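Letter by letter, the sequence shown follows residues 69 to 255 of our numbering.
Using N, Cα and C, we set each Cβ at its ideal position, and we do this for glycine too.
Every value quoted in this text rests on a predicted model; they were computed, and no experiment measured them.
Working notes for the structure below.
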Amino acid sequence: MVSLPTWFRYLAHKLEYSATISWKNYQRGQITDKELGDAVWKNLFQGKLTYLHWNKGQEMAPSIGAQGGTLLVRKIPAADPRRVFVGDVVVLKDPEKADNYLVRRLAAIEGYEMLSTDEKDEPFVLEKDECWVLADNESLKPKEANDSRKFGPVSMTDIVGRVIYCLRTAVDHGPVQNRRVTQTETA
């Protein structure tokens, strides 16, 4: 049985998610002010906070496995430095292919200074709402890893969720190692 504080935390997450999604839709003109309240309630009771995502490729090995796996992803309605943290494994829109999603580890957020081991590269600071993502597989070259070393900083708005669980096989599964504080928040 799940404890009462866990249920309240879950309900608070759902309410925040529902309100944020409804507000975004209202600002885009997809719903009217009269429909805003109904949209919040509908998302609260019918919307899902998590979804399954199939990840293929070896970019996130060993965290997720070289053959990939099915991931349980917690949706993030509006990614910002208060909701996602350096060290989190996130699902984000592929900056190079609009209909594709990538799974990468968040390595830096706005305000971080980025330095390169290559002396030819100038250091730079990530701008507001920018982040840097990296693949976990250190044996891959930057172009093979398909991360920020190849395509540069990405917008925080491209992050759609945080990976919280990985199912590689029926006997090989478990929580994904994110930043410690994040793991207790997503429970």
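In the displayed model, Met224 falls within a helix according to three-state DSSP. Between Val228 and Ile99, the CB-CB gap reaches or exceeds 8 Å. In this structure, Val171 sits near Val157, with a CB-CB distance shorter than 8 Å.
Sorting Lys196, Asn168, Arg247 by C-alpha distance to the C-alpha of Glu181 places Lys196 at the top. Fewer than three Cβ pairs drawn from the stretch 195-212 and the stretch 85-101 lie within less than 8 Å of each other, which leaves the two stretches out of contact. Excluding its 5 nearest sequence neighbours in each direction, Ala147 has C-beta neighbours in its own chain below 7 Å: Met224, Thr225, Ile227, listed in chain order. Straight through space, the alpha carbons of Asp162 and Lys116 are spaced by roughly 23 Å. Assignment of Ala146 by DSSP, reduced to helix, strand and coil, places it in the coil class. Listed in chain order, the non-local C-beta contacts of His241 below 6 Å within the same chain comprise Leu235, local neighbours out to five positions each way being set aside. Taken through DSSP and simplified to helix, strand or coil, Thr185 comes out as coil. Around the beta carbon of Glu164, fewer than 16 other beta carbons lie within 10 angstroms, which makes this residue exposed. Between Leu120 and Thr138, the gap from beta carbon to beta carbon is short of 8 Å. Around the C-beta of Arg150, fewer than 16 other C-beta atoms lie within 10 Å, and the residue is accordingly described as exposed.
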